[in-house]
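So the structure is just underneath, and the comments pick up after that.
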Amino acid sequence: MILLTVHDLKELMFQYTEPLIRLAYGYVKDIQMAEDIVQEVFIKFYHQNNYEERGELKAYLMQMTVNKSKDYLKSWAYRKVLLQNTLFPTAGKHSVDEFVKKDEKSIIGDAILELPLRQREVLLYFYFNEMTISEIARFLSIPESTVKTRISRGRELLKNKLKGIEWEALLNE
Numbered sequence: 754m755i756l757l758t759v760h761d762l763k764e765l766m767f768q769y770t771e772p773l774i775r776l777a778y779g780y781v782k783d784i785q786m787a788e789d790i791v792q793e794v795f796i797k798f799y800h801q802n803n804y805e806e807r808g809e810l811k812a813y814l815m816q817m818t819v820n821k822s823k824d825y826l827k828s829w830a831y832r833k834v835l836l837q838n839t840l841f842p843t844a845g846k847h848s849v850d851e852f853v854k855k856d857e858k859s860i861i862g863d864a865i866l867e868l869p870l871r872q873r874e875v876l877l878y879f880y881f882n883e884m885t886i887s888e889i890a891r892f893l894s895i896p897e898s899t900v901k902t903r904i905s906r907g908r909e910l911l912k913n914k915l916k917g918i919e920w921e922a923l924l925n926e
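In the working numbering, the protein residues as written are 754 to 926.
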């Protein structure tokens, strides 16, 4: 059993906040909500007082973030926001960035976020969290072959979504 001090929590937050926000954002597609979810994860982690170090702490925090994100996606608050965005779309939601490279990365990011959850989550873990196929399989409790299939299908769906786009900056990278 680990007893955390405020200093320990600050260190954990400094180390893991950014990857956890990216993970939560991959699920909820809203940066403010992703930040709220990660904040709730750290608060819960600090107050639970029953964490036994049996594995990697990062994996434990990631699992807490995934669970909290999935809970949010099932919640009435999420469905209400979804309904409001459908009925009252906000103008200029995606502002055009002055740098072409950032714009192209944004196009790719948006395309990934439009993928079905199963393909989206493995692509996010694989490319953005730099997890191996075996790590993803253990984390999601699915066979490695399923992870490979989901990555393959996700790439194919992404390729179809991005077909016909003229790449300027990323093509030369």
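By construction, the Cβ of each residue, glycine as well, lies at the ideal position given by its N, Cα and C atoms.
Cβ-Cβ separation between residue 798 and residue 814: approximately 7 angstroms, consistent with a contact (criterion under 8 angstroms). Boundaries of the alpha helix (DSSP H) harbouring residue 817: 810 to 827, taken from the DSSP string.
In this structure, the straight-line span from the alpha carbon of residue 873 to that of residue 809 is close to 23 angstroms. The alpha-carbon separation between residue 896 and residue 789 amounts to approximately 32 angstroms. Only exposed fits residue 812, as fewer than 16 other CB atoms lie within 10 angstroms of its CB. The residues 897, in chain order, have a CB closer than 7 angstroms to that of residue 887 in the same chain once the five nearest residues on each side in sequence are set aside.
With distances taken between CA atoms, residue 904 lies nearest to 890 out of 827, 890 and 916. Going by C-alpha positions, residue 771 is about 33 angstroms away from residue 917. Counting other Cβ atoms within 10 Å of its Cβ, residue 894 stays below 16 and is therefore classed as exposed.
Judged by DSSP in its simplified three-state form, residue 859 adopts helix. Between the C-alpha atoms of residue 863 and residue 783 there is a straight-line separation of about 12 angstroms. The beta carbon of residue 881 sits closer than 7 angstroms to those of 775, all from its chain and outside the five residues before and after it, given in chain order.
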